[in-house]
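What follows is one structure encoded as structure tokens, with my remarks underneath.
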Amino acid sequence: MRIIPTRIHGILDYLVGIILIASPWVFDFNNGGAETWVPVIVGIMVLLQTIMTDFEVGIIRKIPMVSHLRMDLFVGLFLAASPWIFNFHEVVWEPHVIFGIFSILASLMTRTVPATVTNATRSTIINDLNNNRS
């Protein structure tokens, strides 16, 4: 059930990336260990991936949307498991798990074809049909 348009997903990616980077200071778990650096590094990765994805809000547009969504799934799983992987679950785990689950759900619910690609494909088909009639 892919109901989230790619444009909305991209906007959310930029917001989530920024929030992830700021979260250790916003939610007061900036102790300098893995609990601090995992969301910062993941946030940077999310922003870079979004900038490089081939969809409406991408800038460099080199990563296919399907690959982006697959990476979001793996990043979400990693982020949700990170408090136990790096053994900081007794300090903080909630933000990591919440953002991880959000990433997993977004990856599973986002459309795989950007609207711009769909519109371009429709336009190409219509042009081809019109040219073949002449």
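The C-terminal position of the sequence shown is numbered 990 in our numbering, with every residue numbered one higher than the one before it.
Cβ atoms here follow ideal geometry from the backbone N, Cα and C, with glycine treated the same way.
Ranked by Cα distance from G932, the options I957, L925, N943, L903 are led by I957.
Secondary structure note for T862: its alpha helix (DSSP H) is the uninterrupted segment 862–882. Residue W940 holds the alpha-carbon nearest to the alpha-carbon of V953 among S963, I864, W940, L964.
Assigned with DSSP and collapsed to three states, I941 falls in helix. By the C-beta density criterion, F930 is exposed, having fewer than 16 other C-beta atoms within 10 angstroms. For G866, same chain residues with a beta-carbon under 8 Å away, outside a window of 5 residues either side, are T906, T909, F911, E912, V913, G914 in chain order. Each residue's CA atom was taken as its position, placing W949 and F955 some 10 Å apart.
The Cβ neighbour count for A971, taken over all protein chains shown within 10 Å, is under 16; the residue is labelled exposed. Counting the other CB atoms within 10 Å of its CB gives D884 a total below 16, which places it among the exposed residues.
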